[in-house]
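Everything below concerns the one structure shown next.
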Amino acid sequence: MLTEQKLQSFKNIIHESSRDEIIWMSGYLAGISEKNAVAAPPAFTENIISTEKLTISVLYGTETGNSKKIASKLASVLKGKQHKVTLKALDQYNADNLKKESLVFIVMSTHGDGEPPAAAKRFYDHLYKKSHDFSNLKYAVLALGDSSYPLFCKAGEDVDLKFKEFGAIQVLPIEKSDLDIYAVSDAWINNVVNNLPTVANALLPKPQPKHATKNGKRFYKGVVKTHINLNDRGSLKETWHIEIGTDEAIYYLPGDALGIVPPNADEDVLEIISLLSANKNQTIDYKNETITLFDLFKTKLNILYMPLRIVEKYAKLIQSELPSVRLDLKNILALYPFNKDVSLEDFIAILEPITPRLYSVSSSPYAHGNNEIHITVGRNKFLVNDKKKYGFCSNHFAGLNDGDEVTFYINSNERFHLPGTDKDIIMIGPGTGIAPFRSFIFHRDDEGASGRNWLFFGDQHFHTDFLYQSEMLSFFETGSLTKINTAFSRDQKEKLYVQHRMMQQSKELFNWIENGAYIYICGCKNTMAKDVEATLINVISEEAKLDKSEAENFLSMLEEEGRYAKDVY
Amino acid sequence: MAESAIEKIKKESNSLRGTLKESLLDEHTGAIREDDRALIKFHGMYMQDDRDRREERAAKKLEQLYSYMIRLRLPGGFLSAQQWLALHEVSEQYASPVIKITTRQTIQLHGVLKHHIKPTIKEFDTVKLDSIAACGDVNRNVIASAHPRFSAIHKEIFLYAEKLSKLLLPKTNAYYEIWLDKEKISADEEKDKLYQDRYFPRKFKIAIAIPPYNDVDVFTNDVGLIAIIENNNLIGFNVSAGGGMGMTHGNAATYPRLASMLGFVNKDELFKTVYAIATTQRDFGNREDRKFARLKYTIDRMGIDVFKNEVEQRSDIQFQEEKKYDFTIRHDEYGWHQNHERLYYYTAFVETGRVYDNDKVQFKKAFYEIAKSGKAQFRFTCNQNIIVSDIQPEHKTEIENILQQYGIIQITKTASPVRRNAVACVAFNTCPLALAEAQRYLPSLIDKIEILLDKYNLNNEDLSVRMTGCPNGCGRSVAAEIGFVGTAYGKYNMHIGGDATGKRLNKIYKENIEEAEILNSLDELLKDFSGNKSFNESFGDYVVRKKIV
Ligand code: SRM
Ligand SMILES: Cc1cc2nc3c(=O)[nH]c(=O)nc-3n(C[C@H](O)[C@H](O)[C@H](O)COP(=O)(O)OP(=O)(O)OC[C@H]3O[C@@H](n4cnc5c(N)ncnc54)[C@H](O)[C@@H]3O)c2cc1C
Ligand SMILES: Cc1cc2nc3c(=O)[nH]c(=O)nc-3n(C[C@H](O)[C@H](O)[C@H](O)COP(=O)(O)O)c2cc1C
Ligand code: SF4
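Line by line, the protein sequences are chains A and B.
When the letters of the first sequence are read in order and numbered with the working numbering, they come out as residues 1 to 569.
When the letters of the second sequence are read in order and numbered with the working numbering, they come out as residues 1 to 549.
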């Protein structure tokens, strides 16, 4: 049925494609034919089979490894086509080179609250610092994200916009991928391959990217089996060890996190609904599902500590002045009432989904089986004008009882998984940062891993705050934990932290590192992680007799090799 | 039979150092290493854990709440005002604030965390207090009759207690190196002729009584010395040996024993004699089985004559005929007294020896203020009480006002004789060997016994009731008129028939009984006693005369 020419090119494509690609293509073709989706099939024209060898940079910014996987795949496909390809992590890439580049593909995710991954921050800021001339640059962006976060793929969007602004030419419009990454990314890779510009610069009509239809998260239902506050009486901390049991098997690896979207409190929801003088049973359409107003506010929309961007939108909506302070929605509505001539739909349209919260899994599928998962939740306390308040999700967990239901998903973290069983690992995890390491140690103990394990733990007081102490001690006695160092900040006059213990162990630490040890940091991002990293750099420069910048390079080299990973928050 | 494990630990301890320094540096645990747990006792400390908290801590995945009990070496039980201030501070800063007066005339602090041991010992050192040899297989705190009013020679006796303590002190410098970061000393200076590298097979206890006062329960000690005074001069001592209270449930071969009289020695012969007894026990004591290692078993094994002979050989001193003496009282005489130098003494009742503040009485506040005034000193009694002592007549009212202000005089006045004479050991929650409660329970049992005594108009009986949480006898319960010995939680063996002055042990009357049955038995016994006792007959003597035991 195909014309001779078409058939020929079809054969050529088959001929040139890897087995994977052929499998994908068949699926792709099946997909579009049944959905007769807008997505046009790859344009089978001469110039995609252009023998032209292009110089291409594939750049990625990743936190948990997804973007890297996709970027690597794209790079290898392009290499397969004899193009000259360099694959680089954004933190390894000097943004000034962009003006010299001719063709760049960027895969990057979004983290925090619409922010770029830590490793892409420098690159990202560079684009915002000053204006550039990218007029010789062609590019395409694949943004990874999770549509259940308020700012879906924001970081990728920002980069795409900036490139445009600086005169770069889109090879493909920005593609956004939700969590079912491969459906989208494989299509994107193929579009890229099929739309490589020729030297002649003749850009083809761009096929419409294929959008993911579902968020791609796999939700599990479980019940709380155990719920213990690990801190002893008299502690200022409250850290909950929570064991959740499920009927269906949970698939995760040590280093992954458990994600949940905590439900809002009934009383808040009802208060808001009455402030809107609406009916809680009235149904409305939200993200192509029909749902009652009550359930919408209970389970979907964030009503706490509203971001300023929402405050501003609301001010516009009700056409009045609102001070730019972050308040809970109920307070906003009480102070600046919602007025009738605004439609409920418009109001809801400005609201954002509840941000998922993540908790490092502290159990091991080997040691605890696949129908059980543990997390370690620090009840987040803070003061709002001298009134004690608790964090939304951690407070929710603190309040759970045995038997309560929990709906969660797994947020896998490629970059924070265990190395081969023969490798040594150094784990630095004060406070709740110990969570993934409890998982690591249980896992390696169960595997009988030959690699050595060294844990640095710290908290406020030895006698009340040594999380999982008895477990750690028995691992230490049996040798599953080779070394354990602790720092308790408030047991002596001068503050003592893990980084001080690391400094005391400087020589030994570096021995391990030279021996190929993998280094992991988990816990508080703003204080601990920074100090610990600085200390690692000190250790390296002292022991290896390197100057500071050389030591920094040494460390980022380790990061490149996957031997230095952070899971900080 | 092979030597016991402890013997090996002692020998290999490098003069009691072991790995204590390393243990202190272990970051991951509040405990110290296995062998060090035996060695730290020789430094006056015990590793313990809060037994009330075990389950809860286990659920929280925390190790047991380890802490350390520190016992001071306090020959004769004397503490200066300045030393009291230091003790008070330390107890507030580093320990569970309760200061425990022990049945051996010293004090213990509980709940000292591992990282607080060194600061604690340092504090004590600044006021010349130490805990060397307060525990372990060495000579323990040397006790002596506490109350100066009984005799002009009290001061002299007190000095004997100090000298004996020094004479039998281990020579090792370990204590100073480990806890006070002092320099090493030469091996020669450390050479220990008495203890060598094996120390004693077991603890070794010395008491000095000044008749007619037997507050020290002299015959319950390994060496019991009775001061002999002739026309107000100390001439020498009656020496008895082989006392001990400990036994083990279900092990008939173990038994409590009162010391056997060896005879009289002149005061200038005392040290040689005691030293000879010590070396005899060192060389003949059982080092295989610690249950039979005390001097009392050594003597019974050798036979008293062979033993006495060995001691005379070693000391080159013959024991003379024992001299006449008379014990009339064992319990403390409360309230104000004046001694021959017209100095005033106030004996305060401290129930079960626990010095702390509650809403009825504030011991700590009171003694702290008194100490600050610098107008009094402190002496502890073997009945776990305290004597505010050596007060100039012109300062009496000032001290009295403080005692009044904090409720001490009221408590001491109003407590019934049976309560004031009662003794209880520590037991729960710190004692690892406790089978039943003692100091935390006895006061409430006394409430109920008081009701019975009242029922039979026996309120003024100087009845001696003692309770221990296990058969080790730390509260000398088997030397009481009525003794309770813990067998299991809430259960006690009831002993009766001891005399009131410590010359006769009691016998088991009922086994494994709980409170209800304890009270029923007492109800019967006291009814019988009140009806049929002869004039001035004590309860202990009565039940023996009536062959009730
Ligand atoms: C504090 C004190 C009881 C009190 O409430 O006052 C006490 C408390 C303990 N005694 Fe005692 N004994 C205390 C006087 C006694 C006495 C009475 C006396 O010496 O006049 C005796 C009976 C006399 C004797 O030695 O036979 C006594 C016989 C024991 C024994 C049994 C010894 C034996 O050879 O039979 C033990 C257990 C052991 O040594 O194995 C023991 C062991 C203990 C320990 C250290 C438990 C242990 O070994 O771990 C107790 C600590 C409990 C705690 O948490 O404080 N304690 N102990 C007394 C401290 C005296 C001092 O200042 O040195
Ligand atoms: C990969 C990853 C792993 C993690 N692992 C763990 C873990 O193992 N254990 C763990 O305990 N946590 C972990 N976290 C952190 C966790 O996800 C949550 O961020 C944390 O529990 C706080 O969430 P919350 O809803 O309790 O607090 P939120 O309600 O989100 O509040 C967070 C902060 O926002 C501010 N805030 C909130 N409301 C107000 C208000 N009304 N007024 C003023 N300020 C306000 C406060 O500073 C507060 O501390 C992890 C995070 C990540 C990203
Ligand atoms: C802590 C955290 C915050 C996130 N915040 C956002 C967000 O604000 N917007 C978004 O679209 N996705 C967000 N995501 C989802 C990630 O972008 C998504 O998991 C992506 O696949 C991660 O890719 P990476 O492994 O390359 O970092 C967040 C994920 C995590 C772990
Ligand atoms: S008698 Fe037993 S329970 Fe009481 S303190 Fe002594 S050893 Fe502990």
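Each residue gets a CB set at the ideal place from its N, CA and C atoms; glycine is no exception.
Quantities reported herein were computed from a predicted structural model and do not represent experimental measurements.
Q) Ordered along the chain, which non-local residues of its own chain (more than five positions away) have a Cβ less than 7 Å from that of glutamate 570 of chain A? A) The structure shown does not extend to residue 570 of chain A, since chain A spans only 1 to 569, so no value can be given for it.
(Q) Can you pull the chain B neighbours of aspartate 346 of chain A, defined as C-beta to C-beta under 7 Å? (A) By Cβ distance, chain B contributes nothing, its closest Cβ being about 51 Å from aspartate 346 of chain A, past 7 Å.
**Q.** Reference glycine 259 of chain A, options A:Lys69, A:His374, A:Tyr564, closest by Cα
**A.** The shortest C-alpha separation from glycine 259 of chain A is found at A:His374.
Q: Check the C-beta distance from leucine 74 of chain B over to glutamine 105 of chain B and give it rounded, since I have them as a contact under 8 Å.
A: In this structure leucine 74 of chain B touches glutamine 105 of chain B by the C-beta definition: roughly 7 Å separates them, less than 8 Å.
Q. Beta carbon of phenylalanine 382 of chain A: closer than 6 Å to some heavy atom of ligand 5?
A. With respect to ligand 5, the structure offers nothing, as its ligand set consists of ligand 1, ligand 2, ligand 3 and ligand 4.
Q. Would DSSP call valine 192 of chain A helix, strand or coil?
A. Helix at valine 192 of chain A.
(Q) For glutamate 165 of chain A, which residues in the same chain have their Cβ closer than 8 Å to its Cβ, ignoring the five residues on either side in sequence? (A) Ser131, listed in sequence order.
Q.
For asparagine 302 of chain A and glutamine 499 of chain A, I'd like the C-alpha separation in whole angstroms.
A. About 37 Å.
Q) With C-beta atoms as the reference, is asparagine 232 of chain B less than 7 Å away from alanine 152 of chain B? A) The answer is yes: Cβ separation under 7 Å.
Q: Confirm the yes/no value for this check: CB of threonine 220 of chain B, any heavy atom of ligand 1, distance under 6 Å.
A: Yes, the Cβ of threonine 220 of chain B comes within 6 Å of a heavy atom of ligand 1.
Q | Start and end residues, alpha helix (DSSP H) containing valine 498 of chain A | A | That run of the alpha helix (DSSP H) goes 498-504.
**Q.** In DSSP terms, what alanine 449 of chain A is bridged to
**A.** BP columns for alanine 449 of chain A are empty, so no partner.
Q. Which residues, in chain order, does the region 108-126 of chain B contribute to contact with chain A at a C-beta distance below 7 Å?
A. So the list reads Leu113, His115, given in the order they occur along the chain.
Q | Beta-carbon separation (whole angstroms), asparagine 421 of chain B vs valine 465 of chain B, contact threshold 8 Å | A | Contact flag correct, Cβ pair sits at about 7 Å.
Q: Look at the Cβ atom of valine 107 of chain A, then the Cβ atom of serine 57 of chain A, and state whether they are nearer than 7 Å.
A: The answer is no: Cβ separation not under 7 Å.
**Q.** Buried or exposed by the 16-neighbour rule on C-beta atoms within 10 Å, applied to valine 223 of chain B
**A.** Label assigned to valine 223 of chain B: buried.
Q. Would glycine 451 of chain A be called buried (16 or more neighbouring beta carbons within 10 Å of its own) or exposed?
A. Classification of glycine 451 of chain A: buried, given that the 10 Å Cβ count is 16 or more.
Q: Please state whether DSSP places glutamate 345 of chain A in a helix, a strand or coil.
A: For glutamate 345 of chain A, the secondary structure class from DSSP, reduced to helix, strand or coil, is helix.
(Q) If you measure between the beta carbons of isoleucine 299 of chain B and glycine 250 of chain B, is that distance less than 7 Å? (A) Isoleucine 299 of chain B is not a Cβ neighbour of glycine 250 of chain B, given a cutoff of 7 Å.
Q: Kindly indicate if chain B contains any beta-carbon less than 7 Å away from that of serine 470 of chain A.
A: Any Cβ of chain B closer than 7 Å to the Cβ of serine 470 of chain A would place that residue at the interface, and such an atom is present.
(Q) Quick check on glutamate 288 of chain B: buried or exposed, where buried means 16 or more other Cβ atoms within 10 Å of its Cβ? (A) Counting other Cβ atoms within 10 Å of its Cβ, glutamate 288 of chain B stays below 16 and is therefore classed as exposed.
Q: May I have all residues whose beta carbon comes closer than 5 Å to any heavy atom of ligand 4, sorted in chain order?
A: A Cβ closer than 5 Å to some heavy atom of ligand 4 marks a residue here, and those residues are B:Cys425, B:Val426, B:Ala427, B:Cys431, B:Leu433, B:Ala434, B:Thr468, B:Gly469, B:Cys470, B:Asn472, B:Cys474.
Q | Separation of glutamate 312 of chain A from valine 325 of chain A, as counted between CA atoms | A | It is roughly 10 Å from the alpha-carbon of valine 325 of chain A to the alpha-carbon of glutamate 312 of chain A.
Q) In the structure shown, what three-state DSSP assignment does arginine 444 of chain A receive? A) Residue state, collapsed to three classes: helix.
**Q.** Any non-hydrogen atom of ligand 3 closer than 6 Å to asparagine 66 of chain A Cβ
**A.** Checking the Cβ of asparagine 66 of chain A against ligand 3 gives yes.
**Q.** Member of A:Ala187, A:Val361, A:Leu275 whose CA lies at the smallest distance from the CA of tyrosine 252 of chain A
**A.** Nearest C-alpha to tyrosine 252 of chain A: A:Val361.
Q. Should histidine 340 of chain B be labelled buried (16 or more other beta-carbon atoms within 10 Å of its own) or exposed?
A. By the 10 Å Cβ count, histidine 340 of chain B comes out exposed.
Q. In three-state DSSP terms, what is phenylalanine 237 of chain B?
A. Strand, per DSSP.
(Q) Which residues of the region 481-493 of chain A have a Cβ closer than 7 Å to any Cβ of chain B? Give them in chain order. (A) Residues of the region 481-493 of chain A that bring their beta carbon within less than 7 Å of a beta carbon in chain B comprise Ile484, Asn485, Thr486, Asp491, in sequence order.
Q.
Check whether chain B comes within 7 Å of aspartate 567 of chain A, counting only Cβ atoms and requiring the distance to be less than that.
A. With a threshold of 7 Å between beta carbons, aspartate 567 of chain A makes no contact with chain B.
Q: Determine whether the Cβ of leucine 400 of chain A lies closer than 7 Å to any Cβ atom of chain B.
A: It does not; no Cβ of chain B falls within 7 Å.
Q: Answer with yes or no whether the minimum CB distance from histidine 28 of chain B to chain A is below 7 Å.
A: True, the Cβ-Cβ gap to chain A drops below 7 Å.
Q) Which term fits methionine 427 of chain A, buried or exposed, when burial requires 16 or more other beta carbons within 10 angstroms of its beta carbon? A) Looking at its Cβ environment, which holds 16 or more other Cβ atoms inside 10 Å, methionine 427 of chain A is buried.
Q | Span separating the alpha-carbon of glutamate 477 of chain A from that of phenylalanine 462 of chain A | A | Between glutamate 477 of chain A and phenylalanine 462 of chain A, the C-alpha separation is close to 19 Å.
Q. For the region 218-246 of chain A, which residues have a CB atom closer than 9 Å to at least one CB atom of chain B, in sequence order?
A. Residues of the region 218-246 of chain A that bring their beta carbon within less than 9 Å of a beta carbon in chain B comprise Ile228, Asn229, Leu230, Asn231, Asp232, Arg233, His241, in sequence order.
Q. Sorry if obvious, but does the Cβ on histidine 111 of chain A come closer than 6 Å to a heavy atom of ligand 3?
A. Yes, the beta carbon of histidine 111 of chain A sits closer than 6 Å to at least one heavy atom of ligand 3.
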